[in-house]
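Working notes for the structure below.
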Amino acid sequence: MFLRSLLLLFILLLPRPVYAMHIMEGFLPLGWAVFWTVVSLPFVVCGVWSVSRKVAQHPELKMLLAVSGAFAFVLSALKIPSVTGSSSHPTGVGLGAVLFGPLAMSVIGSIVLFFQAILLAHGGLTTLGANIFAMAVVGPYAAYAVYRLSLRLRASNGLAVFLAA
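Heads up: the sequence shown is residues 4 to 168, going by this note's numbering.
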């Protein structure tokens with residue numbers, strides 16, 4: 004069982020070409036921009052509800068949520084050159100997904116992506132829905148799934164957080 008898990012982890016970590024990052028302003032036709040916004044909207048709305056509920060129960064979490072958002076903003080502003088001449092960057096939503104759950108990070112990730120589009124010209128406003136889905140919905144859910152799977156495979160909590168983040 005351990006060998007299979009190790010093999011699966013190795014296969015998942017093999018480098019392969021990936022061409023996803025922020026989708027630039029004006030790249031998507033209007034129909035697709037609306038589609039991705041509509042697909043992303045329920046996650047953000049449910050995330051707002053989740054964050055409101057968590058903050059109402061534990062008001063001291065406000066500061067930690069803000070720090071998690073700042074961490075995601077700063078980390079995703081760091082560019083790492085890639086071989087293809089493009090660049091990539093870590094997103095920082097994995098750690099927040101472990102701390103607050105994927106729904107909360109959908110909201111925080113959406114805010115981060117909005118500010119990146121406005122302040123840093125990473126992505127755009129018309130493509131915000133697609134970028135939210137790719138980085139603030141799929142990212143936190145994937146990280147949370149890795150975290151839960153790691154715990155189920157009896158990894159230590161520290162290792163599970165490391166793998167998810």
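No residue lacks a Cβ here, since even glycine has one placed at the ideal position from N, Cα and C.
Who are the near neighbours of residue i in its chain, counting only those whose CB is closer than 6 Å to its CB and skipping five residues on each side?
i	result
S113	V47, I135 and A139
P105	P143, Y144 and Y147
Give the DSSP-derived three-state secondary structure of residue i in the structure shown.
i	result
I83	strand
S91	strand
T40	helix
P62	coil
F117	helix
A23	Unreliable placement is indicated for A23, whose pLDDT of 47 sits below 50; the coordinate value is still reported in the next sentence. Three-state DSSP puts A23 in coil, outside helix and strand.
P143	helix
L102	helix
G29	coil
R157	coil
A168	coil
G112	helix
M138	helix
G126	coil
Among the residues of its own chain, which have a CB less than 8 Å from the CB of residue i, if the five just before and after it don't count?
i	result
K65	V58
W35	A133
L31	W39, T129, T130 and A133
Using a Cβ-Cβ cut-off of 7 Å (strictly less than) and excluding sequence neighbours within five positions of residue i, which residues of its own chain qualify?
i	result
G50	L106, A107, S109 and V110
A75	T94, G95, V96, G99, I111, G112 and V115
G127	M27, E28, G29 and A120
S53	G104, L106 and A107
Thinking C-alpha only, which one of the options is nearest residue i?
i	options	result
L98	L6, M27 and L162	L162
H125	H92, S153, R151 and L156	H92
V141	L156, L123, A167 and R157	A167
R154	L131, L123 and V101	The question names Arg, but residue 154 is Leu in the sequence shown. Nearest C-alpha to L154: V101.
A73	F118, L9 and M4	F118
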